[in-house]
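*Asks:* Numbering (my numbering), first residue to last: 233 to 499.
From the three backbone atoms N, C-alpha and C, an ideal C-beta is built for every residue, glycine too.
The following block contains the structure:
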């Protein structure tokens with residue numbers, strides 16, 4: 233993403249907020265390891281990996297002045313914050329939420345990008361779990377949110393999908409996947425009507441542009457009318473993706489020729 237934004241002429245810096253990151257594969261302008269590392273916390277406090285990560289984020293929350301001093305040297309840049317992958321930090325715990333809130337007070341305009349491996353679509357139980365996690369994160373973190381199905385070229389590696397790709401990206405009628413108790417769980421997800429996904433293959437520039445904050449940095453340029461339409465579409469969620477989703481499906485999924493109704497009858 234840093235390379236892509238740089239190609240578009242954006243000034244970008246990466247901020248590593250994951251204390252477990254070692255041997256970073258990208259140039260990092262700000263690194264939490266200068267403040268705290270997971271190994272030091274685990275060794276010093278005799279904590280496991282999960283407890284160590286939670287303590288590390290609480291420590292960062294208590295030392296936000298350190299982060300502010302690091303960030304202020306990069307005025308006028310786009311910031312990519314690489315955050316820990318522990319799901320509890322975004323669904324239950326408040327430290328990361330409070331860190332984001334403080335960044336907002338410093339006039340950072342944030343968008344959360346949640347990456348999900350696309351092969352989870354092949355298992356209904358895992359897909360429902362991913363939806364619940366995404367919804368819980370969106371409600372807890374309280375930021376503009378983009379859910380991304382990554383590694384689209386591997387989407388059917390663990391099994392053929394039961395439905396067309398748009399069923400999963402648009403989160404259509406989940407009752408086809410489950411019955412009884414799970415139908416009620418699916419109703420909660422659909423009633424909120426918040427969770428949808430953007431399919432991403434990192435090798436395709438158009439997909440990277442869609443995943444990058446839903447076109448926000450791309451909206452500003454020379455073609456004023458086009459860019460205004462893109463900005464307004466992103467703001468109201470009206471960026472219709474059927475054609476692009478279909479192109480991803482045709483490239484990476486085996487064609488069946490069946491309708492959704494036919495496939496439901498096969499289940």
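1. Just the C-alpha distance for residue 237 and residue 365, rounded to the nearest angstrom, thanks.
2. Just the C-alpha distance for residue 376 and residue 370, rounded to the nearest angstrom, thanks.
3. Near residue 260, which residues of its chain fall below 6 Å by C-beta distance, leaving aside the five closest residues on each side in sequence?
4. For the alpha helix (DSSP H) containing residue 368, list its first residue and its last residue.
5. By Cβ distance, which residues of its chain are closer than 7 Å to residue 318, with the 5 residues on each side in sequence left out?
6. Below 6 Å CB to CB, which residues in the same chain sit around residue 350 once its five sequence neighbours on both sides are set aside?
7. What number of angstroms, rounded off, separates the C-alpha of residue 264 from the C-alpha of residue 302?
8. How is residue 310 classed by DSSP in three states: helix, strand or coil?
9. Helix or strand or just coil, what does DSSP make of residue 346?
10. Determine the DSSP secondary structure at residue 423, reduced to helix, strand or coil.
11. Is residue 250 buried or exposed, if buried means 16 or more other CB atoms sit within 10 Å of its CB?
12. Do residue 309 and residue 243 have their beta-carbon atoms positioned less than 8 Å apart in this structure?
13. Residue 279 and residue 287 look like a contact to me (Cβ under 8 Å); what is the Cβ gap, rounded to whole Å?
14. Check the C-beta distance from residue 430 over to residue 378 and give it rounded, since I have them as a contact under 8 Å.
15. From residue 332 to residue 300, what does the alpha carbon distance come to, in whole angstroms?
16. With the cut-off set at 8 Å, would you say residue 391 and residue 354 are in Cβ contact?
17. Taking the C-alpha atoms as reference points, what is the distance between residue 452 and residue 270?
18. First and last residue of the alpha helix (DSSP H) that includes residue 285?
19. If residue 252 and residue 356 are in contact, beta carbons under 8 Å, what's the gap, nearest whole angstrom?
20. Measure the C-alpha to C-alpha separation of residue 325 and residue 294 and round it to an integer number of angstroms.
21. At the level of alpha carbons, what is the spacing between residue 233 and residue 307?
22. Drop a sphere of 10 angstroms on the beta-carbon of residue 305, count the other beta-carbons inside from all chains shown, and report buried for 16 or more, exposed for fewer.
23. Taking C-alpha atoms, which residue in 372, 421, 256, 338 lies nearest to residue 361?
*Replies:* Looking at the coordinates:
1. By one-based count along the chain shown, residue 237 stands at place 5. By one-based count along the chain shown, residue 365 stands at place 133. Spanning the two alpha carbons is a distance of roughly 28 Å.
2. Walking along the chain shown from the start, residue 376 turns up at place 144. Walking along the chain shown from the start, residue 370 turns up at place 138. Between the C-alpha atoms of residue 376 and residue 370 there is a straight-line separation of about 8 Å.
3. Here the question's residue 260 lines up with position 28 in the chain shown. Here the set comprises 246, 248.
4. Residue 368 sits at position 136 when you count from the first residue of the chain shown. 356-373 is the extent of the alpha helix (DSSP H) around residue 368.
5. Against the chain shown, residue 318 aligns to sequence position 86. Setting aside the 5 residues that flank it on each side, residue 318 is surrounded in the same chain by 282, 285, each with a C-beta closer than 7 Å to its C-beta; the list follows chain order.
6. The residue you call residue 350 lines up with position 118 of the chain shown. Excluding its 5 nearest sequence neighbours in each direction, residue 350 has C-beta neighbours in its own chain below 6 Å: 381, 383, 384, 387, listed in chain order.
7. Taking the chain shown and counting its residues from 1, one reaches residue 264 at position 32. Taking the chain shown and counting its residues from 1, one reaches residue 302 at position 70. In a straight line, the C-alpha of residue 264 is about 10 Å away from that of residue 302.
8. As a working mapping, residue 310 is identified with position 78 in the chain shown. The answer is strand: DSSP assigns residue 310 an E or B state.
9. For the purposes of this step, residue 346 is taken as residue 114 along the chain shown, with counting starting at 1. In the structure shown, residue 346 sits in a strand (DSSP, three-state: E or B).
10. As a working mapping, residue 423 is identified with position 191 in the chain shown. It is helical.
11. In the chain shown, the residue the question calls residue 250 occupies position 18. Label assigned to residue 250: buried.
12. In the chain shown, the residue the question calls residue 243 occupies position 11. In the chain shown, the residue the question calls residue 309 occupies position 77. Yes; because the gap between Cβ atoms is below 8 Å, this pair is in contact.
13. For this step, residue 279 is matched to residue 47 along the chain shown. For this step, residue 287 is matched to residue 55 along the chain shown. Rounded, the Cβ-Cβ distance is 6 Å, consistent with contact.
14. As a first step, residue 430 must be located in the chain shown, where it is residue number 198. As a first step, residue 378 must be located in the chain shown, where it is residue number 146. Their Cβ separation, rounded to whole angstroms, is 6 Å, which keeps residue 430 and residue 378 in contact under 8 Å.
15. In the chain shown, the residue the question calls residue 332 occupies position 100. In the chain shown, the residue the question calls residue 300 occupies position 68. Their backbone Cα atoms lie some 12 Å apart in a straight line.
16. Counting from 1 along the chain shown, the entry for residue 391 is found at position 159. Counting from 1 along the chain shown, the entry for residue 354 is found at position 122. Contact flag set, yes.
17. The residue given as residue 452 occupies position 220 in the chain shown. The residue given as residue 270 occupies position 38 in the chain shown. Because residue 452 carries a pLDDT of 42, less than 50, the predicted location of this residue cannot be relied on, and no value is offered for it.
18. One-based indexing of the chain shown puts residue 285 at position 53. 281-294 is the extent of the alpha helix (DSSP H) around residue 285.
19. For the purposes of this step, residue 252 is identified with residue 20 of the chain shown, where counting begins at 1. For the purposes of this step, residue 356 is identified with residue 124 of the chain shown, where counting begins at 1. Incorrect: roughly 31 Å between the Cβ atoms, too far for contact.
20. The sequence position of residue 325 within the chain shown is 93, counting from 1. The sequence position of residue 294 within the chain shown is 62, counting from 1. Looking at the two C-alpha atoms, the distance is approximately 15 Å.
21. Counted from its first residue, the chain shown places residue 233 at position 1. Counted from its first residue, the chain shown places residue 307 at position 75. Taking the straight line from one Cα to the other gives about 19 Å.
22. Mapped onto the chain shown, residue 305 falls at position 73. If you draw a 10 Å sphere on the C-beta of residue 305, you find fewer than 16 other C-beta atoms in it, and that means exposed.
23. Taking the first residue of the chain shown as position 1, residue 361 is located at position 129. Checked all of 372, 421, 256, 338; the closest Cα to residue 361 is 421.
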